[in-house]
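Asks: Each residue of the sequence shown is one higher than the one before, starting from 517 at the first, in the working numbering.
In this text, a Cβ means the ideal position worked out from N, Cα and C, and glycines have one as well.
The structure is given below, and queries will be raised subsequently.
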Amino acid sequence: MRVLITGGAGFIGGHLADRFVREGFRVRILDSLEPRVHPHGRPNYLPARAEFVQGDVTDRSVLLCALQGVDIVSHQAAYQDYMPDFSRFLQVNAVATALLFELIIGQRLPVKKVIVASSQAVYGEGQYCCLDHGDFQPLPRSPGQLQRGNWEVSCPLCQGPVQALALEERWHNPYNQYAVSKLAQERTALGLGWLHGIPTVALRYSITQGRRQSLYNRYSGVCRIFCTRALQHLPLMLYEDGHQTRDFVHVDDVVEANMLVLEKEEANGQVFNVGSGCATTILEYARRVLGRIPSLAGIDISSQYRRGDNRHSVSSIDKLKRLGWKPKRGMDEILGDFLEWVESSGGIPASLPDPADEMRAAGVLLSATN
Ligand SMILES: NC(=O)c1ccc[n+]([C@@H]2O[C@H](COP(=O)([O-])OP(=O)(O)OC[C@H]3O[C@@H](n4cnc5c(N)ncnc54)[C@H](O)[C@@H]3O)[C@@H](O)[C@H]2O)c1
Numbered sequence: 517m518r519v520l521i522t523g524g525a526g527f528i529g530g531h532l533a534d535r536f537v538r539e540g541f542r543v544r545i546l547d548s549l550e551p552r553v554h555p556h557g558r559p560n561y562l563p564a565r566a567e568f569v570q571g572d573v574t575d576r577s578v579l580l581c582a583l584q585g586v587d588i589v590s591h592q593a594a595y596q597d598y599m600p601d602f603s604r605f606l607q608v609n610a611v612a613t614a615l616l617f618e619l620i621i622g623q624r625l626p627v628k629k630v631i632v633a634s635s636q637a638v639y640g641e642g643q644y645c646c647l648d649h650g651d652f653q654p655l656p657r658s659p660g661q662l663q664r665g666n667w668e669v670s671c672p673l674c675q676g677p678v679q680a681l682a683l684e685e686r687w688h689n690p691y692n693q694y695a696v697s698k699l700a701q702e703r704t705a706l707g708l709g710w711l712h713g714i715p716t717v718a719l720r721y722s723i724t725q726g727r728r729q730s731l732y733n734r735y736s737g738v739c740r741i742f743c744t745r746a747l748q749h750l751p752l753m754l755y756e757d758g759h760q761t762r763d764f765v766h767v768d769d770v771v772e773a774n775m776l777v778l779e780k781e782e783a784n785g786q787v788f789n790v791g792s793g794c795a796t797t798i799l800e801y802a803r804r805v806l807g808r809i810p811s812l813a814g815i816d817i818s819s820q821y822r823r824g825d826n827r828h829s830v831s832s833i834d835k836l837k838r839l840g841w842k843p844k845r846g847m848d849e850i851l852g853d854f855l856e857w858v859e860s861s862g863g864i865p866a867s868l869p870d871p872a873d874e875m876r877a878a879g880v881l882l883s884a885t886n
């Protein structure tokens, strides 16, 4: 069996490539080596037995060539990060997925299964419950609310406090260009897969962490930024008040989820969350980092915020658990593996620009006025 991994030089794709090679698959990687992710070109962790093709998934002839002789497509390539070129998100994430199916169907390629990497981002600000008015899907918090440093979501009817609910696969509420492109991607893949009899699965990953996370793109976020600042004895800067919650999953668990849905026919045509099932506040995350890298500079609750950030994002993982998967690694393994990898690759590069400066310049990072 031959598998094509798009984005196979990336963080998750690279781990998938290792696993597919170990399982005896012939592996072909198609990756454009985006400079923001790979400023030094092809990473040296790619398995020697994998075939590597440098090219863009939006390029019809490149993608058609990469699909020759392929049984399984693991579609991981994506345009990410806090970038202002909105249309590129749709082109790479949604249009290239349509192109993938156009080629498989139009050229009658004998692809037996497609797995696409979607994201928890499709939930946007998610789903909340008001004790008096029931469940609702909020709009993103308004610029005015954030300017006032009023961080929590409230009930749109009574303005009272609300409870964030674990995100379930039947919901979606995307607003930003990345989230919309990921929903379009999974809908395109599942819809065309169903109509044309190509078994397809979409996995909505939560924030995935572990060895080989890019040290360069802003998307790889909190783990790299906190560890970098702690190693440099700079304060860990928390956005908002640090009580926003997230859900962090280890990359090895994400690989396990991919292998499970590949094997299980019951998974076909469906979307599954892949997360930890646990809420972690950013404040708790910072404390865990400082538990491993003691720094006198401590934590700075900055009252700065990022435009478009969600307040609470924690996925329910019950559906994938029912299929036989469960996460085996927690925050200790995530931080331990990341730091071990940073050390083995010679430490955090000294010349990295501060992502906060870049986001401030791009108008993404703002300050509350009170
Ligand atoms: N890492 C996370 O926390 C996370 C969370 C949710 C969803 N995802 C999704 O998982 C997938 C993998 O993410 P990752 O964290 O490994 O990211 P990554 O940036 O490490 O890897 C993505 C790879 O895709 C390649 N790529 C980008 N545009 C391309 C193009 N047009 N053609 C060919 N290759 C291209 C990049 O060079 C990179 O090697 C993505 O689809 C992403 O949206 C990741």
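Short of 7 Å in beta carbon distance, which residues of its chain neighbour Lys888, apart from the five on each side in sequence? Order them along the chain.
Replies: Shown here, the chain extends from 517 to 886; a query on residue 888 therefore has no answer.
Asks: Would you mind reading off the limits of the alpha helix (DSSP H) that contains Tyr801?
Replies: By 1-based counting over the sequence shown, the position of residue 801 is 285. Ile798 to Arg808 is the span of the alpha helix (DSSP H), which, as asked, contains Tyr801.
Asks: Whole angstroms is fine: what's the gap from Ile545's alpha carbon to Gly529's?
Replies: Against the sequence shown, residue 545 aligns to sequence position 29. Against the sequence shown, residue 529 aligns to sequence position 13. Taking the straight line from one Cα to the other gives about 9 Å.
Asks: On the DSSP letters alone, give me the boundaries of the alpha helix (DSSP H) that Lys629 sits inside.
Replies: The sequence position of residue 629 within the sequence shown is 113, counting from 1. Taken as a continuous stretch (DSSP letters only), Lys629 belongs to no alpha helix (DSSP H), being part of the beta strand (DSSP E) at Lys629 to Ser635.
Asks: Measure the beta-carbon distance from Ala878 to Tyr598 and round it to whole angstroms, keeping in mind my assumption that it falls under 8 Å.
Replies: Position 362 of the sequence shown, counting from 1, holds the residue named residue 878. Position 82 of the sequence shown, counting from 1, holds the residue named residue 598. Between Tyr598 and Ala878 the Cβ distance is about 7 Å, and since that is below 8 Å, they are a contact.
Asks: Check the Cβ-Cβ distances between Ala746 and every residue of chain D, and say whether any is below 8 Å.
Replies: The chain inventory of the structure shown lacks chain D, comprising one protein chain alone.
Asks: Restricting to Cα atoms, I'd like to know which of His712, Arg518, Leu549 and Lys629 is closest to Glu781.
Replies: For the purposes of this step, residue 781 is taken as residue 265 along the sequence shown, with counting starting at 1. Nearest option by C-alpha distance: Lys629.
Asks: Give me, in chain order, the residues of the same chain whose beta-carbon lies closer than 7 Å to that of Thr613; leave out the 5 immediate sequence neighbours on both sides.
Replies: Within the sequence shown, numbered from 1, the residue matching residue 613 stands at position 97. Answer for Thr613: His591, Val632, Gln701, Thr704 and Ala705, listed in chain order.
Asks: Please list the terminal residues of the continuous alpha helix (DSSP H) segment that includes Cys739.
Replies: For the purposes of this step, residue 739 is identified with residue 223 of the sequence shown, where counting begins at 1. First-last of the alpha helix (DSSP H) with Cys739: Gly737 to Leu747.
Asks: Quick one: does the C-beta of Asp848 sit closer than 7 Å to a heavy atom of ligand 1?
Replies: Taking the first residue of the sequence shown as position 1, residue 848 is located at position 332. No; taking the cut-off as 7 Å, the Cβ of Asp848 has no heavy atom of ligand 1 nearer than that.
Asks: Let me know if Gly585 comes out buried or exposed under the rule of 16 or more other beta-carbons within 10 Å of its beta-carbon.
Replies: Residue 585 sits at position 69 when you count from the first residue of the sequence shown. Answer is exposed; the Cβ neighbour count stays below 16.
Asks: Let me check understanding here. Comparing Cα to Cα, which of Val787, Ser670 and His766 lies closest to Pro715?
Replies: Against the sequence shown, residue 715 aligns to sequence position 199. With distances taken between Cα atoms, Pro715 lies closest to Val787.
Asks: With respect to 7 Å, is the separation between the Cβ of Tyr595 and the closest non-hydrogen atom of ligand 1 below this value?
Replies: For the purposes of this step, residue 595 is taken as residue 79 along the sequence shown, with counting starting at 1. Yes, the beta carbon of Tyr595 sits closer than 7 Å to at least one heavy atom of ligand 1.
Asks: Can the beta-carbon of Gly785 be found closer than 8 Å to that of Ser831?
Replies: Start at 1 with the first residue of the sequence shown, and residue 785 comes out as number 269. Start at 1 with the first residue of the sequence shown, and residue 831 comes out as number 315. Taking 8 Å as the Cβ cut-off, Gly785 and Ser831 do not qualify as a contacting pair.
Asks: Which one of Asp572, Glu641, Trp667 and Gly713 has the shortest CA to CA distance from Ser818?
Replies: Looking up residue 818 in the sequence shown gives position 302. If we check each option's Cα against that of Ser818, Trp667 comes out closest.
Asks: Can you check which of these residues, Gly540, His759 and Ile521, is closest to Gln570 by C-alpha distance?
Replies: Indexing the sequence shown from 1 puts residue 570 at position 54. Ranking Gly540, His759 and Ile521 by Cα distance to Gln570 puts Ile521 first.
Asks: Using a Cβ-based criterion (distance less than 7 Å to any ligand heavy atom), does Leu549 qualify as near ligand 1?
Replies: If you number the sequence shown from 1, residue 549 lands on position 33. Indeed, a heavy atom of ligand 1 lies less than 7 Å from the Cβ.
Asks: What does Thr761 pair with, by DSSP beta-bridge criteria?
Replies: Reading the sequence shown from its first residue, position 245 is the one you call residue 761. Thr761 pairs with Thr797 and His828.
Asks: If I measure Cβ to Cβ from Asn689 and keep anything under 7 Å in the same chain, skipping five residues before and after, which residues do I get?
Replies: Sequence index remark: in the sequence shown, residue 689 carries index 173 (1-based). Tyr639, Gly640, Glu641, Gly642 and Gln653, listed in sequence order.
Asks: Does DSSP put Gly709 in a helix, a strand or coil?
Replies: Locating residue 709 in the sequence shown gives position 193, where the first residue counts as 1. Three-state DSSP puts Gly709 in a helix.
Asks: Give the straight-line distance between the Cα atoms of Met753 and Ile588, rounded to the nearest whole angstrom.
Replies: Locating residue 753 in the sequence shown gives position 237, counting from the first residue. Locating residue 588 in the sequence shown gives position 72, counting from the first residue. Cα to Cα, Met753 sits roughly 42 Å from Ile588.
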